[in-house]
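See below for the structure under consideration.
In my numbering, the protein residues as written are 143 to 381.
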């Protein structure tokens with residue numbers, strides 16, 4: 143069965159039309175992977191559509207009352223949630239792969255290459271940035287709670303605490319530290335990368351870090367506004 147699937151996959155890869163389209167799009171390296179890409183895109187679409195049907199059964203009128211756009215976003219977030227949980231769980235073992243610990247820049251591990259499906263370089267550090275998806279899980283939870291009429295609830299408060307905590311740890315502490323270690327390793331080992339490319343990625347990386355701090359500020363402000371007691375409540379308690 144496995145050999146049959148492999149043979150069919152290879153047949154799809156070698157289709158002249160597929161090879162030509164990839165070259166025409168300026169993506170010749172995509173040719174060996176286009177069947178997997180199409181299959182995964184189809185799977186994501188199937189998950190989105192089936193999640194809407196299932197959500198209608200589970201949440202009833204609360205889901206059915208959403209607008210068409212909100213239902214579409216709902217399905218997108220289901221796909222996002224499944225992806226975030228999956229890649230985080232798959233990325234964790236990469237930190238303990240001895241081959242990657244020995245060489246964090248060019249070390250190769252079959253498992254890591256399967257998780258990333260990209261060129262075998264920076265596999266150790268790649269896992270570090272995948273961990274950013276931890277906070278996405280709680281961000282999606284908050285969005286769903288809003289749509290289900292749970293805004294300001296105790297459960298949403300607990301979720302907000304988890305969101306801010308994970309975001310702070312993975313994006314504002316762990317992320318910048320691993321970025322620092324990455325560029326220090328690149329500088330120590332030396333690479334064939336041009337100076338322009340090196341600084342392009344370094345500036346882009348630092349820009350994302352600065353934006354993460356700004357987004358965290360916005361998130362804290364939003365949580366404070368959402369859960370701060372109103373003036374009317376304060377006055378009533380005082381009386």
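All C-beta atoms, glycine included, are put in the ideal place defined by N, C-alpha and C.
Nothing here was measured: the structure is a model prediction, and the numbers come from that model.
Spatial neighbours of residue i within its chain, please: C-beta separation below 6 Å, excluding the five flanking residues on both sides.
i	result
residue 239	251
residue 302	365
residue 298	287, 292
residue 213	194
residue 379	The pLDDT assigned to residue 379 is 41, lower than 50, so where the model puts this residue is not dependable; a value taken from the coordinates is nonetheless given after this. Excluding residues within five positions, none has a Cβ falling inside 6 Å.
residue 186	221
CB residue i to CB residue j, shorter than 8 Å?
i	j	result
residue 173	residue 160	yes
residue 201	residue 281	no
residue 227	residue 279	yes
residue 216	residue 198	no
residue 230	residue 275	yes
residue 242	residue 236	yes
Who are the near neighbours of residue i in its chain, counting only those whose CB is closer than 8 Å to its CB and skipping five residues on each side?
i	result
residue 295	287
residue 277	305, 308, 309, 312, 313
residue 258	265, 268
residue 206	198
residue 369	294, 299, 302
residue 253	235, 236, 239
To which residues of the same chain is residue i closer than 7 Å at the C-beta, ignoring the five residues directly before and after it?
i	result
residue 324	267
residue 327	246, 247
residue 232	257
residue 285	219
residue 359	none
Using 8 Å for Cβ pairs, my map puts residue i next to residue j. What's the rounded Cβ distance?
i	j	result
residue 208	residue 331	At roughly 52 Å, the Cβ-Cβ gap does not stay under 8 Å, so residue 208 and residue 331 are not in contact.
residue 351	residue 317	7 Å
residue 170	residue 154	Not really, about 16 Å apart at Cβ, beyond 8 Å.
residue 321	residue 347	5 Å
Given a threshold of 16 other Cβ atoms within 10 Å of its Cβ, counted over all protein chains shown, does residue i qualify as buried or as exposed?
i	result
residue 150	exposed
residue 354	buried
residue 283	buried
residue 270	buried
residue 376	The predicted position of residue 376 is uncertain, since its pLDDT is 44 and thus under 50; a value taken from the coordinates is nonetheless stated next. Result: exposed.
- Does the region 215 to 232 come close enough to the region 185 to 193 to have 3 or more Cβ pairs within less than 8 Å? yes
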